[in-house]
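In the working numbering, the protein residues as written are 60 to 496.
Just so it is clear, CB atoms sit at the ideal spot from N, CA and C, and this is done for glycine as well.
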RNA sequence: CGGAGUGUAGCUCAGCCUGGUAGAGCACCGUCUUCGGGAGGCGGGGGCCGGAGGUUCAAAUCCUCUCACUCCGACCA
């Protein structure tokens, strides 16, 4: 993409409404614009990141045997009356009346909707287990939206739902999601720590929150040092095998959110204790028959008797992750994208657009990179070098390929790694080989 | 929902206390110089001062109401 044609409205100054670093950087980098409190439009750069995160989430869900569907944002109130949550959910739920005076709502989550689908479609235990998910916009009318996309009212969430005939089956699904979540966050360059959690309004008795560590996190958390070094992506996971020992390896270790911390246990850990700040990016629940019983979602078991479905639900805050990743990865100059979610891999900077040699070299590099399948943002604007450096650092692409008349004289370019700030000069061919590797 | 703030140009803000021709920097347009880390000169365009009432000869400025947004707290993917 040529930057001269790209819609990238960067800001030199920070808009007054943004306090938290990820929000400031997302506005300055032209990723989002606020529409109203807690509601955002996604501009091209931000949308690319959102899609990349969504892609990783989807790949890991698919790998775990979860099947993608898409449910509506607008749901009928009657479903929620069946589960009893129409009254329980309170003013956080956005209630709507259609032209026929029917009560509707903008879904804050989808347990009722999926249970309704399931009860009309599945009759036998033989059709179980099933794991389904969708990635859809949610609306929760938060009392106080803040922190940009980290706590918006409208947000993109991946929510999965598991259906099993008995509790051991439900726990197998729970474990699949547990492991899939660890892999998902790790692929985004995040350290996510699973912590035992209260299940809140969703209900149920087994639940874990996944918190990523970031200096600017909302709450203080404490955990065993081993969490920091865990590396799951490297290992192949057999989702059909027994995952319990893997999950136990995590749940056996100490990890607690602010209000769950245990001073005695922490003292025991000694040097193995890590205290950090955390942002919740995922939450998994086992809630048994809470919805299946109230909504009549039953199957015939092996003995012919009807039994209520054992269910769980599993959420990842996809849009929140965009902000969370920035919280975890930035410096004074701007964002530092992990390569897996970066909107482009390479920024190509033509420092002198009125120099024929620079233009020819850049056009050639641009074509070669694109030909090799590398996503590249080519800054071909007739701006001063300083503006280009500043913008490129701000938007945080992992690699910057800097081409100027000074280097070209000796046949070299600079390859700057955003993360380290190192910018060695090297022959053009070496640079291309490195960036297309 | 309790508490505290802020709404003036695209952005950051001054002006308001003490009413009297609406400002600065950046951004934008033109031009000249500059040309490897957010340059400088000259010229220019852009605002019902969030909205509605009121007081006054006169309101961005004083008063009342309202709307929006932000921050702190309690709650949440």
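| Check | Outcome |
| --- | --- |
| Distance between residue 196 and residue 379 (C-alpha atoms, nearest Å) | 12 Å |
| Residue from 203, 385, 217, 443 with nearest C-alpha to residue 117 | 217 |
| Which listed residue (282, 68, 123, 75) has its alpha carbon closest to that of residue 322 | 282 |
| Cβ pair residue 338, residue 436 closer than 8 Å | no |
| Assumed close pair residue 409, residue 306 - CB separation to whole angstroms, cut-off 8 Å | At roughly 51 Å, the Cβ-Cβ gap does not stay under 8 Å, so residue 409 and residue 306 are not in contact. |
| In chain order, each beta strand (DSSP E) run of at least 3 residues that lies wholly inside the segment 142-182 | 153-156, 162-165 |
| Anticipated Cβ contact below 8 Å, residue 224 with residue 69, distance rounded | About 54 Å separates the two Cβ atoms, so there is no contact after all. |
| Exposure label - residue 243; buried when at least 16 CB within 10 Å | buried |
| Nearest to residue 416 (by Cα), restricted to the options 469, 404, 442, 381 | 469 |
| Close Cβ partners of residue 37 (< 6 Å) along its chain, the five nearest in sequence each way excluded | No answer is possible for residue 37: it lies beyond the span of the chain, which begins at 60 and ends at 496. |
| Cα-Cα separation, residue 167 to residue 86 | 26 Å |
| Supposed contact pair residue 395 and residue 477 - C-beta distance, whole angstroms, cut 8 Å | 5 Å |
| Contact set for residue 182: own chain, Cβ-Cβ below 7 Å, skip 5 residues either direction | 358, 359 |
| Those runs of the alpha helix (DSSP H) which lie wholly inside the segment 374-460 and span at least 4 residues | 377-387, 415-430, 444-454 |
| Three-state secondary structure (DSSP) of residue 318 | helix |
| Endpoints, the alpha helix (DSSP H) within which residue 490 is located | 487-495 |
| Residue 222 versus residue 438 - alpha carbon distance | 50 Å |
| Segments of 4+ residues assigned as alpha helix (DSSP H) that fall wholly inside the segment 81-146 | 103-122, 136-142 |
| Assumed close pair residue 245, residue 302 - CB separation to whole angstroms, cut-off 8 Å | 16 Å between Cβ atoms; not a contact. |
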